[in-house]
Amino acid sequence: MGFFGTAALLLLGTAAHSGLAQSSATTDPSAASSLSVAELWKLQTTLWDNFLYPANAKQMQSINSTLFAPNIQGRVDITRTFDGAELNTEYIFGLFSDPSQLSLIGVPVSYKIVKFAATDNIAAASTIFTFNATMFGKLLPLNIDTFITFDKDTKQVTQYDATFKWMDFLFAELYGEIGKLIQANSTDQVTAYLTDMMAKTLCSTHSSHCTGTMQQYADSASCYNFLTTQIRFGQTFEMGRNTLFCRMMHAEMLQYRPEVHCPHIGPSGGGMCVDDQTYSEKVLQDYFTNAPFTPRI
Ligand SMILES: *[C@@H]1O[C@H](CO)[C@@H](O)[C@H](O)[C@H]1NC(C)=O
Ligand SMILES: *[C@@H]1O[C@H](CO)[C@@H](O)[C@H](O)[C@H]1NC(C)=O
Ligand SMILES: *[C@@H]1O[C@H](CO)[C@@H](O)[C@H](O)[C@H]1NC(C)=O
1 MGFFGTAALL
11 LLGTAAHSGL
21 AQSSATTDPS
31 AASSLSVAEL
41 WKLQTTLWDN
51 FLYPANAKQM
61 QSINSTLFAP
71 NIQGRVDITR
81 TFDGAELNTE
91 YIFGLFSDPS
101 QLSLIGVPVS
111 YKIVKFAATD
121 NIAAASTIFT
131 FNATMFGKLL
141 PLNIDTFITF
151 DKDTKQVTQY
161 DATFKWMDFL
171 FAELYGEIGK
181 LIQANSTDQV
191 TAYLTDMMAK
201 TLCSTHSSHC
211 TGTMQQYADS
221 ASCYNFLTTQ
231 IRFGQTFEMG
241 RNTLFCRMMH
251 AEMLQYRPEV
261 HCPHIGPSGG
271 GMCVDDQTYS
281 EKVLQDYFTN
291 APFTPRI
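The sequence shown: position 106 = 106 (this note's numbering), numbered continuously.
See below:
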């Protein structure tokens, strides 16, 4: 190799080196575009602090929680997907903010994050909440696992994917408790009892909030008949399917935006309580588009 060759190589080497240095300074995702683990932990705990009752009632009053990006995308395994700040404010904060509402699990009163990992703008957490199940007069632990992405500038939640762990086990125990309370002799009797109670609650909520063009049922009798004989009660994973349980979950929302939520408790299910997915479609649904849920490596 002659002098020019060596010089060229050295130059190339220098150029390549400075090119690399430059690229790591300008495009290294771990620098400019990421949140630190400490920041992500703070965002996670701030979200959960506001999820607790009664802070969640205050969030609900804001209509569009500023903790959420306007185009937030959310998914809960036992229900379905939720788009936008307003809907997510209702379902995340509104749904668990009223201890007097008919609810099996009640309101969240404390939490402990038991697992946490974070990278880029993504936080993964396993959190054990304590719910005050006022219907049973007792405190229940509930483990919720989440993957959340945050906007690095606004610090708002842009996506969340939540899993209610061991929910089947919890509901089996709660049905057992109800069975003891009503001295039932079979699980069918428990289901019949809950069906009657939920249908009555829903139909009376319907009468108070779904009037005029928002009306879903001709009268209380046809409401009760539909809810008790034309649809399934619903299993734990069916809170976003064509079930009574799904419609019950939406009852709490009627007071906020009846024009949006009345169809959810009606015969059509309003796109929220519908059998629109098979198991495989649910698992393979390519829902999240705001940000990757995997690190940029
Ligand atoms: C909440 O956000 C929606 C969608 O951007 C908007 O239409 C609505 O007016 C907002 N409501 C309030 C009270 O800010
Ligand atoms: C649970 O709710 C009951 C009834 O509202 C209340 O008396 C009790 O203090 C609550 N417990 C906790 C830990 O929040
Ligand atoms: C269970 O069986 C007992 C004895 O036959 C009866 O008195 C009770 O009413 C039954 N429970 C229900 C919820 O029907």
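Note that CB positions come from ideal geometry on N, CA and C, so glycine has one too. On a predicted model such as this, the values are computed, not experimentally measured, just so you know.
Provide the residue span of the beta strand (DSSP E) that contains residue 118, from first to last.
107-119
What's the call for residue 89, buried or exposed, on a 16-neighbour Cβ count within 10 Å?
buried
I'd like to confirm something about residue 320: is its beta-carbon nearer than 7 angstroms to some heavy atom of ligand 3, or not?
Only positions 1 to 297 of the chain appear in the structure, and residue 320 is not among them; the question remains open.
Taking the straight line between their C-alpha atoms, what separation do you get for residue 295 and residue 112?
25 angstroms
Please check the pair residue 287 and residue 73, which I expect to be a contact at CB under 8 angstroms, by giving their CB distance rounded to whole angstroms.
7 angstroms
Ignore the nearest five residues each way along the sequence and tell me which others in residue 81's own chain have a CB closer than 6 angstroms to its CB.
75, 287
Where in the segment 54-107 do unbroken runs of the beta strand (DSSP E), each at least 3 residues long, occur, reported from the N-terminal end onward?
68-76, 81-83
Please state whether DSSP places residue 160 in a helix, a strand or coil.
strand
Taking DSSP as the reference, what is the three-state secondary structure of residue 196?
helix
Thinking just about the alpha-carbon of each residue, which of 257, 244, 153 is nearest to the one in residue 61?
257
Distance between residue 232 and residue 248 (C-alpha atoms, nearest Å)
12 angstroms
Heavy atoms of ligand 1 versus C-beta positions, residues under 7 angstroms:
63, 64, 70, 84, 85, 86
Any heavy atom of ligand 3 closer than 7 angstroms to the beta-carbon of residue 178?
no
In whole angstroms, give me the CA-to-CA distance for residue 24 and residue 36.
Note that residue 24 has pLDDT 40, beneath the 50 cutoff, so the model's placement of it is unreliable and the number below is only indicative. Approximately 18 angstroms, taken between the alpha carbons.
If distances are taken between C-alpha atoms only, which option among 255, 269, 222, 67 comes closest to residue 245?
269
Can you tell which of 189, 285, 121, 79 has its C-alpha closest to the C-alpha of residue 264?
79
My output table needs one value for residue 284: the three-state DSSP class, helix, strand or coil.
helix
Kindly identify the DSSP beta-bridge partner or partners of residue 152.
Residue 152 pairs with nothing; no bridge assigned.
Roughly how many whole angstroms lie between the Cα atoms of residue 123 and residue 182?
43 angstroms
Integer Cβ distance of residue 118 from residue 41, believed to fall under 8 angstroms
7 angstroms
In three-state terms, what does DSSP make of residue 145?
strand
Going by other Cβ atoms of all chains shown within 10 Å of its Cβ, with 16 needed for buried, is residue 70 buried or exposed?
exposed
Return helix, strand or coil for residue 27, following the three-state DSSP convention.
Legend: pLDDT at residue 27 = 48, less than 50; position of this residue unreliable, value from coordinates given subsequently. Here residue 27 sits in helix by DSSP.
Check each candidate in 289, 278, 241, 282 and name the one with the smallest Cα separation from residue 266.
241
Counting along the chain, where does the alpha helix (DSSP H) carrying residue 129 start and finish?
Unbroken run through residue 129 is the beta strand (DSSP E), 122-133; no alpha helix (DSSP H).
Please check the pair residue 53 and residue 100, which I expect to be a contact at CB under 8 angstroms, by giving their CB distance rounded to whole angstroms.
Going by Cβ atoms, the distance from residue 53 to residue 100 rounds to 12 angstroms, so no, they are not a contact pair.
If you count every other CB in all the chains shown that lies within 10 Å of the CB of residue 49, and 16 or more means buried, which is it?
exposed
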